[in-house]
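Asker: Numbered according to my numbering, the sequence shown spans residues 1 to 280.
Using N, Cα and C, we set each Cβ at its ideal position, and we do this for glycine too.
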Amino acid sequence: MSMEIKKEIYDFFAKFVYDKTGIFYPEKDYYRLDSRITTLMGHFQCETPDELFNLYVTKRNKDMEVVLIDLCTNNETYFFRDNKPFDALTKTIIPQKVAQNGYVNLWSAASSTGQEVLSIVMGLLENNPGFDLSKVKITATDISQRALKKANSFTYSSLDVQRGLPAMLLVKYFDQLPDGQWQFKSEFSKHLRYETLNLLTDNFKPNFYDVICCRNVLIYQNKENKQMIMQKLFDSIRSDGFLLMGSGESLIGTDITLTQSSVDGAMFFVKENQTWKKAA
Ligand SMILES: C[S@@+](CC[C@H](N)C(=O)[O-])C[C@H]1O[C@@H](n2cnc3c(N)ncnc32)[C@H](O)[C@@H]1O
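Listed below in structure tokens is the structure:
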């Protein structure tokens, strides 16, 4: 199997991925496409990169798009990632909003395989005994079909459940399946469903969410796309709503200003009345 990859092939796949996802491979990083191209060759039974390229150019179909997006997205996630934001959300922000408005609309905007959403559900139940989960309307979305399939199965490997999930919560909220995997109990998952949404190309519901978690995804976007997605997120958050980003993420590179607020030691951005606005 020859692995000589011509520049026009790298250019083609880099542009394809950028157009579909916003994930950008500059020429200096083209080597990062090598293993993806090799995997695609195996998947579509092509002997050479040229054969794969011809297939994509001449016979492109939805499956080819889905497989390539799955290969190029990084679905890294784990339970209670960064810890503090989950305490703030489930002890303070969500209970307060439920008390004020009767319900909360929450969106996990790059939910990957679901650990973020399940951490919120478990946190709510643990920190607020008897909490009525139907008061939190959760939207959970991702672009990766592979991630969504796993999230919608609510099933995790023994390695997954060792990452961030206390043993006490594992036995309380999961059933062990005959194959050794662990499934989130249906009594807690029955209101949850994960759906496809592309942050780059899809529209967001305007003025709708009280809390948006958009964590560890905008780091893969360039300045223009980050600005565009942040603007759509801004429009989607209700007044006094909260945006949670990843611990290493900031608004640098966008011209959107918003109020930073520390809640229980975790950093959030708040859309206060008239205070979230574009810089002059
Ligand atoms: C590193 S994971 C983060 C998961 C979780 N939010 C966390 O912080 O643990 C990034 C996720 O963003 C998704 N993603 C990448 N580009 C996207 C896009 N344009 N639209 C929607 N999701 C995207 C990937 O499929 C992946 O599941």
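(1) Can you give, in chain order, each stretch of the alpha helix (DSSP H) that sits fully within the segment 145 to 210 and has at least 4 residues?
(2) Identify which residue in Glu8, Met41, His43 and Thr38 has its Cα closest to the Cα of Glu27.
(3) Here's the rule I'm using: 16 or more other beta-carbon atoms within 10 Å means buried, otherwise exposed. How should Asp179 be labelled?
(4) Please return the same chain residues whose Cβ sits closer than 7 Å to the Cβ of Ser119, not counting the five positions on each side in sequence.
(5) Quick one, are the C-beta atoms of Phe13 and Leu33 less than 9 Å apart?
(6) Would you list the residues sitting across from Met267 in a DSSP beta bridge?
(7) Mind checking whether the beta-carbon of Val67 lies closer than 8 Å to any heavy atom of ligand 1?
(8) Can you check whether the CB of Ala147 is closer than 9 Å to the CB of Thr73?
(9) Since Ala140 sits in a beta bridge, which residues does DSSP pair it with?
(10) Please report the distance separating the alpha-carbon of Lys268 from that of Arg215.
(11) Since Ile93 and Val263 should fall inside the 8 Å C-beta cutoff, what is the C-beta to C-beta distance between them, to a whole number of angstroms?
(12) DSSP on Arg60, reduced to helix/strand/coil?
(13) Taking 9 Å as the threshold (C-beta atoms), are Tyr209 and Gly241 in contact?
(14) Hey, which unbroken runs of the beta strand (DSSP E) at 3 residues or more fall wholly within the segment 81 to 131?
(15) Can you look up Gly248 in the DSSP assignment and give me helix, strand or coil?
(16) Look up Phe13 in the DSSP assignment and give the residues it is bridged to.
(17) Does DSSP classify Phe242 as helix, strand or coil?
(18) Figure out for me which residue from Gln115, Ser250 and Tyr10 has the closest Cα to the Cα of Val161.
(19) Are there 16 or more other CB atoms within 10 angstroms of the CB of Gln221, so buried, or fewer, so exposed?
(20) When you compare only the Cα positions, how much space is there between Gly22 and Asp70?
(21) Helix, strand or coil: which one does DSSP assign to Thr254?
(22) Given a cut-off of 9 Å, decide if Ser189 and Phe154 are closer than it, judged by their beta-carbon atoms.
(23) Going by the CB atoms, is the gap between Leu251 and Val270 shorter than 9 Å?
(24) Cα separation between Leu338 and Gly253?
(25) With a threshold of 6 Å on Cβ separation, who are the neighbours of Trp107 within its own chain once the five nearest residues in sequence on each side are excluded?
(26) Counting only the same chain and skipping the five closest in sequence on each side, list residues whose C-beta sits under 8 Å from that of Ala88.
(27) Since Val136 and Val171 are thought to touch, with beta carbons under 8 Å apart, how far apart are those beta carbons, to the nearest angstrom?
Answerer: Judging by the given coordinates:
(1) Runs of the alpha helix (DSSP H) spanning 4 or more residues and lying entirely within the segment 145 to 210 occur at 145 to 153, 167 to 173 and 186 to 189, in chain order.
(2) In the sequence shown, the residue the question calls residue 27 occupies position 27. Ranking the options by Cα distance to Glu27, first place goes to Glu8.
(3) By 1-based counting over the sequence shown, the position of residue 179 is 179. Looking at its Cβ environment, which holds fewer than 16 other Cβ atoms inside 10 Å, Asp179 is exposed.
(4) Indexing the sequence shown from 1 puts residue 119 at position 119. Hits under 7 Å: Phe79, Phe80 and Phe86.
(5) Walking along the sequence shown from the start, residue 13 turns up at place 13. Walking along the sequence shown from the start, residue 33 turns up at place 33. Yes, the Cβ-Cβ distance between Phe13 and Leu33 is below 9 Å.
(6) If you number the sequence shown from 1, residue 267 lands on position 267. DSSP, once it has assigned bridges, lists Ser262 as partnering Met267.
(7) Position 67 of the sequence shown, counted from the start, is the residue given in the question as residue 67. Outside the cutoff, so no.
(8) Position 73 of the sequence shown, counted from the start, is the residue given in the question as residue 73. Position 147 of the sequence shown, counted from the start, is the residue given in the question as residue 147. Less than 9 Å divides the Cβ of Thr73 from the Cβ of Ala147.
(9) As a working mapping, residue 140 is identified with position 140 in the sequence shown. In the DSSP output, where bridge partners are listed per residue, Ala140 has Ser108 and Tyr194.
(10) Position 268 of the sequence shown holds residue 268. Position 215 of the sequence shown holds residue 215. Before going further, note that residue 268 is Phe rather than Lys in the sequence given. In a straight line, the C-alpha of Phe268 is about 11 Å away from that of Arg215.
(11) For the purposes of this step, residue 93 is taken as the residue at position 93 of the sequence shown. For the purposes of this step, residue 263 is taken as the residue at position 263 of the sequence shown. Between Ile93 and Val263 a beta carbon distance of about 6 Å is seen, short of the 8 Å cut, so the two are scored as contacting.
(12) For the purposes of this step, residue 60 is taken as the residue at position 60 of the sequence shown. Looking at Arg60 - three-state DSSP - the assignment turns out to be coil, as it is neither helix nor strand.
(13) Working through the sequence shown from its first residue, we reach residue 241 at position 241. Working through the sequence shown from its first residue, we reach residue 209 at position 209. Result yes, Cβ atoms of Gly241 and Tyr209 sit closer than 9 Å.
(14) Complete beta strand (DSSP E) runs here, min 3: 104 to 108.
(15) Position 248 of the sequence shown, counted from the start, is the residue given in the question as residue 248. Shown here, Gly248 sits in coil according to DSSP, grouped into three states, outside any helix or strand.
(16) By one-based count along the sequence shown, residue 13 stands at place 13. Beta-bridge annotation (DSSP): Phe13 is not paired with any residue.
(17) For the purposes of this step, residue 242 is identified with residue 242 of the sequence shown, where counting begins at 1. The three-state reading of DSSP puts Phe242 in strand, counting E and B together.
(18) Here residue 161 refers to the residue found at position 161 when the sequence shown is read from its first residue. When only C-alpha atoms are compared, the closest one is Gln115.
(19) Residue mapping note: residue 221 aligns to position 221 of the sequence shown, counting from 1. The residue in question, Gln221, is buried, as its Cβ has 16 or more Cβ neighbours within 10 Å.
(20) The sequence position of residue 22 within the sequence shown is 22, counting from 1. The sequence position of residue 70 within the sequence shown is 70, counting from 1. Between Gly22 and Asp70, the C-alpha separation is close to 14 Å.
(21) In the sequence shown, residue 254 corresponds to position 254, counting from 1. It is coil, neither helix nor strand.
(22) Sequence index remark: in the sequence shown, residue 154 carries index 154 (1-based). Sequence index remark: in the sequence shown, residue 189 carries index 189 (1-based). Contact annotation: Phe154 and Ser189 have beta-carbon atoms nearer than 9 Å.
(23) Translated into positions along the sequence shown, residue 270 becomes position 270. Translated into positions along the sequence shown, residue 251 becomes position 251. No; because the gap between Cβ atoms is not below 9 Å, this pair is not in contact.
(24) Here the chain comprises residues numbered 1 to 280, so residue 338 is not present and cannot be evaluated.
(25) Your numbering for residue 107 matches position 107 in the sequence shown. For Trp107, where only same-chain residues beyond five positions count, the Cβ hits under 6 Å are Thr139, Tyr209 and Ile212.
(26) Locating residue 88 in the sequence shown gives position 88, counting from the first residue. Here the set comprises Val263, Asp264, Gly265, Ala266 and Phe268.
(27) Against the sequence shown, residue 136 aligns to sequence position 136. Against the sequence shown, residue 171 aligns to sequence position 171. Actually they do not touch by this definition, with Cβ atoms about 24 Å apart.
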